[in-house]
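Here the numbering used here is used: position 13 in the sequence shown is 124, and no number is missing along the way.
Glycine included, every Cβ here is placed at the ideal spot set by N, Cα and C.
Below: the structure, in structure tokens.
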Amino acid sequence: MKTWVLLLALLVGPSAAWAGPWSKSAGQLYLKAWEGAYLANGFVGRDGRFQEGADHLSLTSALYGEVGVWDRLQVQAFLPYVIGRNTFDSGNRFFAAGGGDLLLGAQWSPELPPFPAALRLEGKVPLYDVAQPKGYAAAQFPLRGDGQLDLTAWASVGLPPLGLPLYAFLEFGYRLRTEVFIGEGAPSRNFADSLVANAQVGLTPIGRWVLAANLGGVLPLADDAYTKGYLSLGLSVYAPVWEGLALEANFDALTLAKNSANGLSFGLGVSYAL
Numbered sequence: 112m113k114t115w116v117l118l119l120a121l122l123v124g125p126s127a128a129w130a131g132p133w134s135k136s137a138g139q140l141y142l143k144a145w146e147g148a149y150l151a152n153g154f155v156g157r158d159g160r161f162q163e164g165a166d167h168l169s170l171t172s173a174l175y176g177e178v179g180v181w182d183r184l185q186v187q188a189f190l191p192y193v194i195g196r197n198t199f200d201s202g203n204r205f206f207a208a209g210g211g212d213l214l215l216g217a218q219w220s221p222e223l224p225p226f227p228a229a230l231r232l233e234g235k236v237p238l239y240d241v242a243q244p245k246g247y248a249a250a251q252f253p254l255r256g257d258g259q260l261d262l263t264a265w266a267s268v269g270l271p272p273l274g275l276p277l278y279a280f281l282e283f284g285y286r287l288r289t290e291v292f293i294g295e296g297a298p299s300r301n302f303a304d305s306l307v308a309n310a311q312v313g314l315t316p317i318g319r320w321v322l323a324a325n326l327g328g329v330l331p332l333a334d335d336a337y338t339k340g341y342l343s344l345g346l347s348v349y350a351p352v353w354e355g356l357a358l359e360a361n362f363d364a365l366t367l368a369k370n371s372a373n374g375l376s377f378g379l380g381v382s383y384a385l
């Protein structure tokens, strides 16, 4: 399978920010504008605890990019804007909007023929303060995340070229959850470190078209009332339009959720690869 097919195919996962084990070199880039929706039957309140009894909807507009800066070395970023709504059985609705969790990373692929592999370091920087808003009914407003800094180290490996319209990769990581908040934050709240994983299997049945099955998971290393854990299962498609321009779509179900809600997410993006 040609390398450029793999590079394109790996970027249609549910998180909209997977790099996979194929790192870009200087002069290569991948850019995507993405719109996503998440629906669930509960939400995490300002106290950091999961609450039932409300329908939650989040709409995310995001820009994602990977840029090669050296031989098999790339930097990447995911910049989201999130609109959230909680609808209660009483009919009351609460809206919140603003920046989400900015993800910044650097990835390098060592030469380990025939297996593609990569090491990645990724940081999460919240663009919001979980202490806002204040006042009456503040706990009913949707949050855009946990509100603190995280650092995740990833290792990924993929199948070697098999001469088939098929690829796969698997990556594992360790997520360091800090108690460093943006703004006033929530200094009394602690989070457990977590193990994280992503996997993807894809087919290229026609030309550069890609159909993929995705799996993602977060496993907290302690049982507490705040740290989220879940399993995500999904499907995605990459549809080339013209040269490096393409349409991408994904559908994912979040199951086995801990301190979070089971939910469904949908996404549609326009990407360009060079």
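Inset, instruction - Starting from N370, trace the beta strand (DSSP E) both ways and give me its first and last residue. - result: Note, N370: premise wrong, no beta strand (DSSP E); not H, not E.
Inset, instruction - With DSSP as the reference, please indicate the residues paired to R231 in a beta bridge. - result: Bridge partners of R231: Q218, W265.
Legend entry - Delimiting residues of the beta strand (DSSP E) encompassing I86: This structure cannot settle anything about residue 86, because the visible part of the chain is limited to 112 through 385.
Inset, instruction - Could you tell me which residues DSSP pairs with K143 in its beta bridges? - result: Paired residues: Y175, S382.
Legend entry - A250, DSSP secondary structure in three states: Taken through DSSP and simplified to helix, strand or coil, A250 comes out as helix.
Legend entry - Cα-Cα separation between G159 and G258, rounded to whole angstroms: 10 Å
Inset, instruction - Mind checking which residues open and close the beta strand (DSSP E) that includes L306? - result: 305 to 314
Inset, instruction - Figure out for me which residue from G274, A279, G210, A303 has the closest Cα to the Cα of R288. - result: A303
Inset, instruction - Classify S376 as helix, strand or coil using the three-state DSSP reduction. - result: strand
Legend entry - Separation of R319 from V186, as counted between CA atoms: 25 Å
Legend entry - Secondary structure of A137, DSSP reduced to three states: coil
Inset, instruction - Please go through the same chain and pick out, in chain order, the residues whose beta-carbon is closer than 7 Å to the beta-carbon of G153, but skip the five residues on each side of it. - result: F161, Q162, E163, A165, H167, A372
Legend entry - Any C-beta of chain B under 7 Å from that of F292: Here chain B cannot be found, since the structure has a single protein chain.
Legend entry - Closest by C-alpha distance to A151, when choosing among Y383, G374, L379, F199: G374
Inset, instruction - Name the residue from E295, V381, A264, L254 whose alpha carbon lies nearest to the alpha carbon of G156. - result: Checked all of E295, V381, A264, L254; the closest Cα to G156 is L254.
Legend entry - Coil, strand or helix - N203 by DSSP: coil
Inset, instruction - Count the CB pairs spanning the region 177 to 185 and the region 267 to 281 that are closer than 8 Å, and state whether there are at least three. - result: no
Inset, instruction - Check the C-beta distance from K339 over to N370 and give it rounded, since I have them as a contact under 8 Å. - result: 5 Å
Legend entry - Limits of the unbroken beta strand (DSSP E) element including F292: 277 to 292
Legend entry - Secondary structure of N301, DSSP reduced to three states: coil
Inset, instruction - Assign Q311 to buried or exposed, taking buried as 16 or more other Cβ atoms, counted over all protein chains shown, within 10 Å of its Cβ. - result: buried
Legend entry - Reduced DSSP secondary structure (H/G/I, E/B, other) of P271: Taken through DSSP and simplified to helix, strand or coil, P271 comes out as coil.
Inset, instruction - Below 8 Å on the Cβ atoms is my guess for F189 versus L214; work out the distance and round it to an integer in Å. - result: 4 Å
Legend entry - Every unbroken beta strand (DSSP E) inside the region 308 to 360 [3 residues or more]: 321 to 331, 340 to 353
Inset, instruction - Just the C-alpha distance for L270 and N325, rounded to the nearest angstrom, thanks. - result: 15 Å
Legend entry - For S343 and N85, the rounded distance between their alpha carbons: Residue 85 lies beyond the stretch modelled for the chain, which goes from 112 to 385, so this question has no answer here.
Legend entry - Beta-carbon gap between G294 and D240 smaller than 7 Å: yes
Legend entry - Own chain residues within Cβ distance below 6 Å of S126, not counting five before or after: Note on S126: pLDDT 49, under 50, position unreliable in the model; no value is reported.
Inset, instruction - Taking only heavy atoms of the ligand NAD into account, decide whether any of them is closer than 6 Å to the Cβ of T366. - result: With respect to the ligand NAD, the structure offers nothing, as it holds no ligand at all.
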